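*Asks:* Count along the sequence shown from 1, then add 3; that gives the number in my numbering.
No residue lacks a Cβ here, since even glycine has one placed at the ideal position from N, Cα and C.
All figures in this text were calculated on a predicted structure; none of them were measured in a lab.
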Amino acid sequence: MAKLYVDVDKYGDEHASPVVEAFHSAIRDLVRKRLDESGCGWSEFVFGKSHELITQDDMAAVEQQLLDAGHKFDWSAAISPRERPDAYKASAGTSDEDLKTFCFEHPDAPTAEADGDGRALRGVGDNVAKYPQNVTGTARYVRSSDRVLKWLSDGVPDNTIAVIDDSGGTLTAPILEQFKGVICAGGTVRSHLGILTREYGIPCFMNAKVTGIYEGDTVEMECSAAAKPAEFYQQGKEQTANVWRHGKG
Numbered sequence: 004m005a006k007l008y009v010d011v012d013k014y015g016d017e018h019a020s021p022v023v024e025a026f027h028s029a030i031r032d033l034v035r036k037r038l039d040e041s042g043c044g045w046s047e048f049v050f051g052k053s054h055e056l057i058t059q060d061d062m063a064a065v066e067q068q069l070l071d072a073g074h075k076f077d078w079s080a081a082i083s084p085r086e087r088p089d090a091y092k093a094s095a096g097t098s099d100e101d102l103k104t105f106c107f108e109h110p111d112a113p114t115a116e117a118d119g120d121g122r123a124l125r126g127v128g129d130n131v132a133k134y135p136q137n138v139t140g141t142a143r144y145v146r147s148s149d150r151v152l153k154w155l156s157d158g159v160p161d162n163t164i165a166v167i168d169d170s171g172g173t174l175t176a177p178i179l180e181q182f183k184g185v186i187c188a189g190g191t192v193r194s195h196l197g198i199l200t201r202e203y204g205i206p207c208f209m210n211a212k213v214t215g216i217y218e219g220d221t222v223e224m225e226c227s228a229a230a231k232p233a234e235f236y237q238q239g240k241e242q243t244a245n246v247w248r249h250g251k252g
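Structure (structure tokens):
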């Protein structure tokens, strides 16, 4: 089986693609080896023999190579890091206490001083669906499985506008319908999270560029703005909706 040659010091946790490619390469080598050993044609192997010849132990061995190379998986669902904390990245800085002083700081987030209504522009996002009125609620960061598990048990606080990153789509799925709105720092209107929020009728901004929004701030999402068409991403066209913070200037 192929070795996983990964420059962990170079790529670390910030750049997963080379690690994932090494992982996929090892799986492809495993499939080629088992195919050769089987003596079958490709169709017979794929549709008949592969489930017998490629075992759970084989896949576990490939995964172990990935972990031995220094890679840690991103947590994306609540149960996985609970069961195998040694295989997942630490979610440091995501406790309730840490989140009191945390905020996203996107360098391209547009900002402006408070207007006559006390609304200070603190960023923009790609509106998933247009609604008749803007939505206002309390910003609460969802960056760990611990918070999701707590809210699964206790319920999501009223008027929560969840502020999440790319991993949040899967992470927040069990409690998604309880949010008043969602601001996601990654993805597009066709991302899984975008599709889910549209189906639930929850205002959502994807690919959000925000700054200076802290846990507990009152924020307003301009979900009355036009939804961004999916084709705009291919065409390189921008169409964003505003995110305002209330009451702080």
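Sort Gln-181, Arg-37, Gln-238 by Cα distance to Asp-157 and report the nearest one.
*Replies:* Checking every option, the nearest Cα to that of Asp-157 belongs to Gln-181.
*Asks:* Secondary structure at His-249, three-state DSSP: helix, strand or coil?
*Replies:* Note: His-249 maps to strand in three-state DSSP.
*Asks:* Which stretch, first to last residue, makes up the alpha helix (DSSP H) that contains Ala-63?
*Replies:* Start and end: 59-71.
*Asks:* Judging by CA-CA distance, which residue of Asp-168, Val-246, Gly-219 is the nearest neighbour of Ala-142?
*Replies:* Of Asp-168, Val-246, Gly-219, the residue nearest in Cα terms is Gly-219.
*Asks:* Using only the alpha-carbon positions, how far apart do Ile-205 and Lys-240 sit?
*Replies:* Rounded to whole angstroms, Ile-205 to Lys-240 spans 24 angstroms at the Cα level.
*Asks:* Glu-225 to Tyr-217, Cα distance in whole Å?
*Replies:* Spanning the two alpha carbons is a distance of roughly 18 angstroms.
*Asks:* For chain D, check one thing: does any of its Cβ atoms lie closer than 9 angstroms to the Cβ of Phe-107?
*Replies:* Checking the listed chains, one finds no chain D in this structure; it contains a single protein chain.
*Asks:* Do you know whose CA, among Ile-164, Gly-189, Phe-107, Ile-57, lies nearest Arg-35's CA?
*Replies:* Looking at the Cα atoms, Ile-57 is the closest of the given residues.
*Asks:* Give a yes or no on contact between the segment 196-212 and the segment 147-162, applying the rule of three or more CB pairs nearer than 8 angstroms.
*Replies:* Too few Cβ pairs lie closer than 8 angstroms, so no.
*Asks:* May I ask you to list the residues that DSSP assigns as paired with Val-49?
*Replies:* DSSP, once it has assigned bridges, lists no residue as partnering Val-49.
*Asks:* Taking buried to mean at least 16 other C-beta atoms within 10 Å of its own C-beta, is Glu-223 buried or exposed?
*Replies:* Answer is buried; the Cβ neighbour count reaches 16.
*Asks:* Asp-129 by DSSP, collapsed to three states: which one?
*Replies:* Asp-129 falls in the strand class under three-state DSSP.
*Asks:* Would you tell me roughly how many angstroms separate the C-alpha atoms of Asp-111 and Lys-212, rounded to the nearest one?
*Replies:* Roughly 7 angstroms separates the two Cα atoms.
*Asks:* Rounded to a whole number of angstroms, what is the C-alpha to C-alpha distance between Val-138 and Gly-184?
*Replies:* Cα to Cα, Val-138 sits roughly 7 angstroms from Gly-184.
*Asks:* For a minimum of 3 consecutive residues, which ranges assigned as the beta strand (DSSP E) are wholly contained in the segment 178-221?
*Replies:* As far as the segment 178-221 is concerned, its whole beta strand (DSSP E) runs of at least 3 residues are 184-187, 207-213.
*Asks:* DSSP puts Tyr-144 in a beta bridge; with which residues?
*Replies:* In DSSP, Tyr-144 forms a bridge with Val-166.
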